[in-house]
Amino acid sequence: MDDHLQSFCVVKHNLHDQVWSTPMARLAKEYGISDVALAKICKKLNVPYPGRGYWRRKETGKAVKQLPLPPNSDPSKQAVTIHPTIRPDSLEPVSEETTQRITAEQAPEQKIAVPDRLGKTHRRLSGQLSEWRSASVDEYGAIRSGSLRQLNLGACYTTSALHRHLYINADEAYRLLDVDTRL
């Protein structure tokens, strides 16, 4: 069970036996998931598992009670496939070429200059910009203007384990477009 890339098909009664014979944290580690994820799987399959302090009481010789597996006729709750979580330490390192590209992109000379003022704009665009400036932004980052809802401009690219996001507000985006059209 130490291979963190292999999926495991676990039958309900086997899972019940395992959670009552091995502490959840240790069993979860064997499956390559968190103990919280294992508890959620148990709840999904209606498998009772030891509560807080069970293993300490058992260790000290106090009486402990193992809850029986309740009967279940639902075929969808008889087994589950556990897919291990990919841990950050198990990800392959970023290649030297990728590291060099990232460093080159972060150089000061690569910075895009956004002008402070917007040059000549089309009258429809000017009206839209003034409306957007007075608009509010909702919890998802979308511009709310009357009944109009438009997402902020965004760009995203992924390189191996690297995730970078660049968000540009609408005002900056139009100033950038204005520079681009004058070139």
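Heads up: the sequence shown begins at 271 in my numbering, then just goes up one per residue.
For glycine and all other residues, C-beta sits at the position ideal for the given N, C-alpha and C.
Note that this is a predicted model, so its numbers are computed, not measured.
Given residue i as reference, the closest of the options once Cα atoms are compared
i           : options            : result
residue 349 : 311, 302, 378      : 311
residue 282 : 308, 300, 364, 303 : 308
residue 342 : 387, 369, 313      : 313
Cβ-Cβ separation, residue j to residue i (assumed contact under 8 Å), whole Å
i           : j           : result
residue 280 : residue 352 : 6 Å
residue 304 : residue 355 : 7 Å
Buried/exposed call for residue i, threshold 16 Cβ in 10 Å
i           : result
residue 272 : Its pLDDT being 45, under 50, residue 272 is placed unreliably in this model, and the coordinates cannot settle the point.
residue 298 : buried
residue 302 : buried
residue 289 : buried
residue 428 : Residue confidence is low: residue 428 scores 38 on pLDDT, short of 50, so the model does not pin down where it sits. No coordinate-derived value is stated.
* Hey, which unbroken runs of the alpha helix (DSSP H) at 4 residues or more fall wholly within the segment 271 to 297? -> Runs of the alpha helix (DSSP H) inside the segment 271 to 297: 282 to 291.
* Below 8 Å, can you find three or more Cβ-Cβ pairs linking the segment 308 to 328 to the segment 361 to 373? -> No: fewer than three Cβ pairs fall under 8 Å.
* Asked: Would you call the segment 330 to 340 and the segment 313 to 322 touching, i.e. three or more CB-CB distances under 8 Å?
  -> Contact between the segment 330 to 340 and the segment 313 to 322 is present, because at least three Cβ pairs lie under 8 Å.
* **Every unbroken beta strand (DSSP E) inside the segment 292 to 359 [3 residues or more]** => 349 to 352
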